[in-house]
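Set out below in structure tokens:
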């Protein structure tokens with residue numbers, strides 16, 4: 001567990017439970033197994049907000065028909081080292097790994113592989129995809145756009161996504177180095193996860209008007225706008241520029 005408190009369960013049992021839930025909603029057996037593994041990996045790496053706790057959200061969307069449980073991914077266009085994939089509105093935990101494997105295959109063939117994905121949904125922790133690349137002795141970089149809930153530097157209206165991005169690479173043969181960043185002060189999932197445990201949001205990273213106050217967690221996400229800048233407002237423009245570029249690239253491509 002990433003934080004103390006709560007109940008502790010065997011990771012294998014939770015992963016099997018998640019797998020069965022996905023299968024129950026029509027996810028193919030092999031896809032359900034990988035999707036459950038991604039959620040379990042998040043918990044084991046201390047990223048509780050993107051672990052088995054996310055299963056409820058995925059299940060709700062599958063139950064309402066908002067996500068295709070058995071997508072047929074297609075390549076819209078491609079070159080030797082690039083491709084654009086249509087995810088058929090599938091579960092991101094299915095579409096993401098499929099596109100990632102395509103990128104890795106291209107990298108093995110021509111030395112680089114870049115794949116953009118459309119028609120997908122929340123794909124879990126970005127770290128899973130770069131870890132897969134690392135197992136093939138490749139550099140990995142995963143990034144995505146999502147719902148706009150972040151106000152730009154100095155602004156008050158939500159314009160950008162929280163921007164998860166992850167890169168991982170080998171420094172030497174026997175060592176690994178990784179960098180994970182979200183270009184806002186508090187991750188969305190972590191805010192929701194903490195609000196469920198404490199009924200409060202962290203103070204940092206929430207802006208109301210020109211000041212700061214503790215939002216009401218029952219009104220998320222309209223309770224407070226999530227910002228790129230800190231209280232002193234002296235370095236947020238850097239995160240804003242990076243976030244805008246990642247959001248534009250991920251969304252437009």
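Numbering (our numbering), first residue to last: 1 to 253.
Just so you know, even glycine gets a beta-carbon here, dropped at the ideal spot from N, CA and C.
Where residue i sits in the DSSP three-state scheme
| i | result |
| --- | --- |
| residue 245 | helix |
| residue 137 | coil |
| residue 148 | coil |
| residue 80 | coil |
| residue 104 | helix |
| residue 142 | strand |
| residue 126 | coil |
| residue 28 | coil |
| residue 61 | helix |
| residue 39 | helix |
| residue 95 | helix |
Sequence-distant residues of its chain with Cβ nearer than 6 Å to residue i (five each side left out)
| i | result |
| --- | --- |
| residue 136 | 104 |
| residue 231 | Bear in mind that a pLDDT of 47 at residue 231, under 50, signals an unreliable position, so the number given afterwards is only what the model happens to contain. Same-chain partners within the cutoff: there are none. |
| residue 22 | 32 and 35 |
| residue 99 | 85, 115 and 117 |
| residue 76 | 84 and 86 |
| residue 142 | 126, 129, 130 and 166 |
| residue 97 | 34 |
Buried or exposed by the 16-neighbour rule on C-beta atoms within 10 Å, applied to residue i
| i | result |
| --- | --- |
| residue 67 | buried |
| residue 124 | buried |
| residue 246 | buried |
| residue 133 | buried |
| residue 63 | exposed |
| residue 57 | exposed |
| residue 19 | buried |
| residue 110 | exposed |
| residue 8 | exposed |
| residue 127 | buried |
| residue 253 | exposed |
| residue 80 | exposed |
| residue 72 | exposed |
For residue i, the residue or residues it bridges with in DSSP
| i | result |
| --- | --- |
| residue 85 | 75 and 117 |
| residue 90 | 68 |
Close Cβ partners of residue i (< 7 Å) along its chain, the five nearest in sequence each way excluded
| i | result |
| --- | --- |
| residue 31 | 94 |
| residue 42 | 50, 51, 124 and 125 |
| residue 39 | 18, 51, 52, 54, 55 and 124 |
| residue 250 | 143, 144 and 145 |
>> For the stretch 110-125 against the stretch 79-96, do three or more pairs of beta-carbon atoms, one drawn from each stretch, fall closer than 8 Å, so that the two count as touching?
In response: As far as the Cβ criterion goes, the stretch 110-125 touches the stretch 79-96, which means the pair count is three or higher.
> Does the stretch 76-89 touch the stretch 10-30, meaning 3 or more C-beta pairs lie closer than 8 Å?
Replying inline: They do not touch, by the three-pair rule.
> Can at least three beta-carbon pairs, one atom from the stretch 40-56 and one from the stretch 101-119, be found at a separation below 8 Å?
Replying inline: Result no; under three Cβ-Cβ pairs closer than 8 Å.
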